[in-house]
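To start, the structure itself, in structure tokens.
Number of protein chains: 2
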Amino acid sequence: MPSAQAGSAAIPFQPVSPETGVPLYRAVKRALMAAIEDGRLPPGSALPTEAPLAAAFGVAVGTLRQAVGELVAEHLLWRRQGRGTFVAEHSPERFLFQFFHVEGADGRREAPVVETLSCDRGRLNEDAAEALGGRAGDPAWHIENRLLLQGQAVVHDRIQLPATLVRGLTEKRFRERPGTIYRFYQDQFGIAVLSARERVRAVPASLDVARALGVARGTPVLEVRRTALSFGERPVEYRVSTIVTGAHEYVQTLNRA
Amino acid sequence: MPSAQAGSAAIPFQPVSPETGVPLYRAVKRALMAAIEDGRLPPGSALPTEAPLAAAFGVAVGTLRQAVGELVAEHLLWRRQGRGTFVAEHSPERFLFQFFHVEGADGRREAPVVETLSCDRGRLNEDAAEALGGRAGDPAWHIENRLLLQGQAVVHDRIQLPATLVRGLTEKRFRERPGTIYRFYQDQFGIAVLSARERVRAVPASLDVARALGVARGTPVLEVRRTALSFGERPVEYRVSTIVTGAHEYVQTLNRA
DNA sequence: CCCAATTTGTTCGTATGTATA
DNA sequence: TTATACATACGAACAAATTGG
Chain A
1 MPSAQAGSAA
11 IPFQPVSPET
21 GVPLYRAVKR
31 ALMAAIEDGR
41 LPPGSALPTE
51 APLAAAFGVA
61 VGTLRQAVGE
71 LVAEHLLWRR
81 QGRGTFVAEH
91 SPERFLFQFF
101 HVEGADGRRE
111 APVVETLSCD
121 RGRLNEDAAE
131 ALGGRAGDPA
141 WHIENRLLLQ
151 GQAVVHDRIQ
161 LPATLVRGLT
171 EKRFRERPGT
181 IYRFYQDQFG
191 IAVLSARERV
201 RAVPASLDVA
211 RALGVARGTP
221 VLEVRRTALS
231 FGERPVEYRV
241 STIVTGAHEY
251 VQTLNRA
Chain B
258 MPSAQAGSAA
268 IPFQPVSPET
278 GVPLYRAVKR
288 ALMAAIEDGR
298 LPPGSALPTE
308 APLAAAFGVA
318 VGTLRQAVGE
328 LVAEHLLWRR
338 QGRGTFVAEH
348 SPERFLFQFF
358 HVEGADGRRE
368 APVVETLSCD
378 RGRLNEDAAE
388 ALGGRAGDPA
398 WHIENRLLLQ
408 GQAVVHDRIQ
418 LPATLVRGLT
428 EKRFRERPGT
438 IYRFYQDQFG
448 IAVLSARERV
458 RAVPASLDVA
468 RALGVARGTP
478 VLEVRRTALS
488 FGERPVEYRV
498 STIVTGAHEY
508 VQTLNRA
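In order, the protein sequences belong to chains A and B. The first sequence: position 135 = 135 (this note's numbering), numbered continuously. Numbers given in this note's numbering equal positions in the second sequence, counted from 1, plus 257.
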């Protein structure tokens, strides 16, 4: 069930003005993105239906559909025939398919169980500062997680999060969040993680990681450094994931439909 | 010349017949894919322009555009305003952006220099057989390459290729190919590599790999096992790449526009 | 269970804009 | 400059999926 709709009362959009060099549907797209970003269209909410929305923008339905189509392709929106068009929200399924690329060596995919090992205030280190466009030493939260698959510790995460983005965060609130971490960012701080960049290396397991994952120090492990991005490619989280690739692997598909 | 009609060999397509449950544009898309696959539309060739092509299929231009749009998104076709629509071919640029995910730790991307270390007849091993849907022991070519970036050996590739797919291959022809390996498959054997699946692990460098890449045996390295796919997800090549991730890294973008 | 209203999906046809050769 | 080809935009009609009565 979609959230409450105000009926035909008020559609919070103004007609887009034709500009030279900018297709109309791009202007419509930007208006929709702005509405999502500033909270007028919160995650999970339904968009007005096509005809009234197109009318509000002062464009044809086909033009609106082109704008919506691009936002669907970018996972900001999703739509179903007969139901409507909705603002995407972070769910365990989305996390699994878009952001969690670890699966069993036999190809089995499952949602990991996340154990929070620590959650403290600290400061950005150099790598995180560079990735996040801040300065080393800026106030930040440090979160350490262990991810279990089929009951086995497979991934060790070290997250760094600029403190300015998550005012009001407490360890208790983090530990007691009901859903995924990205869902928590979304619901509590209005941070929409839309995409991410990852860089993968092979390294010997450090002592910390070895202990957390139950492998011998020096064992070759994957180190995945992820920068999570929000609107306009703005970096919002830096994360170093260490993965034991014995029974599990990091998977990737190049060029799916 | 009066209006072209029956007998005009210009456009090799028949009208698509409407079927229940299958959108017209999907039927058009399948017809285009079939033409690419069977060589009626070879790589690099131009499609007929939209209006005549739509007429040949017996659909509206918008319907044709929807079919073409999906094929563009899947990199089977590309199009430019003012020029036309073309069948994609394998180029160094395509290899770099779609299939080669190694770049400098500083973010610099460059095309690797490929050295062929060996190219022999052999037999599929178990991993390759499973990936390729064949049987261990099936006749196959084994190719071993070393890839250099900025003059440094960074990647070691071991390729297995079912012999039945590349009849007429010789070591000399392979070594003297002018372009990328996938371009060679395309031009010489009509094999279109469209996508790939990769599984990444961290392993200690074997003696062979250590020698080829100039690192100490046991050094943690990335092992990327790739299955290259053609039409209908048909596997055509199995490749194990070993990457030294000191000055270089394996990069990935999750969910770009 | 079926029906009817709602909503997106598909298809048509046309006109005009913009990039390319 | 001209002709060509794809890109954008419009509006209309019907199909298919979903929901709720």
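All C-beta atoms, glycine included, are put in the ideal place defined by N, C-alpha and C. Source: prediction; values computed, not measured.
Rank the options by C-alpha distance to the C-alpha of residue i and give the top, closest one.
i                : options                                   : result
Ala205 (chain A) : A:Val193, A:Arg83, A:Gly218 and A:Leu194  : A:Gly218
Leu405 (chain B) : B:Val279, B:Val285 and B:Ser498           : B:Ser498
Thr421 (chain B) : B:Ala410, B:Gln271, B:Pro396 and B:Arg430 : B:Pro396
Val215 (chain A) : A:Val244, A:Gly190 and A:Gly82            : A:Val244
Trp398 (chain B) : B:Cys376, B:Ala386, B:Asp414 and B:Gly390 : B:Cys376
Glu307 (chain B) : B:Arg322, B:Ile438 and B:Val359           : B:Arg322
Gly168 (chain A) : A:Arg121, A:Ala136, A:Leu24 and A:Val61   : A:Arg121
Val200 (chain A) : B:Tyr439, B:Gln338 and B:Gln509           : B:Gln509
Gly436 (chain B) : B:Leu353, B:Glu383, B:Ala393 and B:Asp384 : B:Leu353
Gln152 (chain A) : A:Tyr182, A:Ala212 and A:Arg26            : A:Ala212
Ser230 (chain A) : A:Val28, A:Glu74, A:Ala129 and A:Gln14    : A:Glu74
Arg226 (chain A) : A:Ala129, A:Gly190 and A:Gln150           : A:Ala129
What distance in whole Å lies between the Cβ atoms of residue j and residue i, which are believed to be in contact at a cut-off of 8 Å?
i                : j                : result
Leu511 (chain B) : Phe99 (chain A)  : 6 Å
Val224 (chain A) : Tyr250 (chain A) : 7 Å
Thr342 (chain B) : Arg336 (chain B) : 4 Å
Determine the direct distance from the alpha carbon of residue j to that of residue i, and round the result to whole angstroms.
i                : j                : result
Arg403 (chain B) : Asp363 (chain B) : 22 Å
His505 (chain B) : Ser452 (chain B) : 23 Å
Ala312 (chain B) : Leu333 (chain B) : 22 Å
Val316 (chain B) : Val273 (chain B) : 8 Å
Gly21 (chain A)  : Arg30 (chain A)  : 15 Å
Phe57 (chain A)  : Val166 (chain A) : 34 Å
Gln445 (chain B) : Leu47 (chain A)  : 51 Å
Glu490 (chain B) : Ala449 (chain B) : 11 Å
Ser260 (chain B) : Pro309 (chain B) : Note that Ser260 (chain B) scores 32 on pLDDT, short of 50, meaning its location in the model is unreliable; the coordinates nonetheless yield the value given after this. Ser260 (chain B) and Pro309 (chain B): Cα-Cα distance of roughly 11 Å.
Val236 (chain A) : Lys172 (chain A) : 21 Å
Leu327 (chain B) : His347 (chain B) : In the sequence under discussion, the amino acid at residue 327 (chain B) is Glu, which differs from the Leu named in the question. Using only the alpha carbons, I get a separation of about 19 Å.
Ala257 (chain A) : Pro300 (chain B) : A caution first: Ala257 (chain A) carries a pLDDT of 43, below 50, which makes its placement in the model unreliable, though a value can still be read off. About 19 Å.
Asp157 (chain A) : Gly62 (chain A)  : 44 Å
Gly503 (chain B) : Asp384 (chain B) : 27 Å
Leu289 (chain B) : Pro269 (chain B) : 10 Å
Val359 (chain B) : Glu367 (chain B) : 9 Å
Pro18 (chain A)  : Ala67 (chain A)  : 15 Å
Ser8 (chain A)   : Tyr25 (chain A)  : Confidence at Ser8 (chain A) is low in this model, with a pLDDT of 41, below 50, so its placement is unreliable and the value that follows should be read with caution. Distance between the alpha carbons of Ser8 (chain A) and Tyr25 (chain A) is about 23 Å.
Leu41 (chain A)  : Gln81 (chain A)  : 20 Å
Asp38 (chain A)  : Val154 (chain A) : 37 Å
Gln271 (chain B) : Val285 (chain B) : 10 Å
Can you say whether residue i is buried or exposed, counting buried as having 16 or more other CB atoms within 10 angstroms of its CB?
i                : result
Glu372 (chain B) : exposed
Arg464 (chain B) : Per the sequence shown, the amino acid found at residue 464 (chain B) is Leu instead of Arg. So Leu464 (chain B) counts as exposed.
Gly374 (chain B) : Per the sequence shown, residue 374 (chain B) should be read as Leu rather than Gly. Burial call: exposed.
Ala291 (chain B) : exposed
Arg432 (chain B) : exposed
Ala388 (chain B) : buried
Gln443 (chain B) : buried
Val478 (chain B) : buried
Ala485 (chain B) : buried
Glu198 (chain A) : buried
Pro112 (chain A) : buried
Arg108 (chain A) : exposed
Thr170 (chain A) : exposed
Ala345 (chain B) : buried
Pro419 (chain B) : buried
Gln417 (chain B) : buried
Gln134 (chain A) : Before going further, note that residue 134 (chain A) is Gly rather than Gln in the sequence given. Its Cβ being crowded by 16 or more others within 10 Å, Gly134 (chain A) is buried.
Arg496 (chain B) : buried
Ala393 (chain B) : exposed
Ala202 (chain A) : buried
Assign residue i to one of three DSSP states: helix, strand, or coil.
i                : result
Thr437 (chain B) : coil
Asp395 (chain B) : coil
Leu389 (chain B) : helix
Leu64 (chain A)  : helix
Arg26 (chain A)  : helix
Arg336 (chain B) : strand
Ile293 (chain B) : helix
Thr116 (chain A) : strand
Leu404 (chain B) : strand
Ala330 (chain B) : helix
Val244 (chain A) : coil
Pro419 (chain B) : strand
Arg225 (chain A) : strand
Val12 (chain A)  : Looking at the sequence shown, residue 12 (chain A) is not Val but Pro. Of the three classes helix, strand and coil, the one that applies to Pro12 (chain A) here is coil, per DSSP.
Ala196 (chain A) : strand
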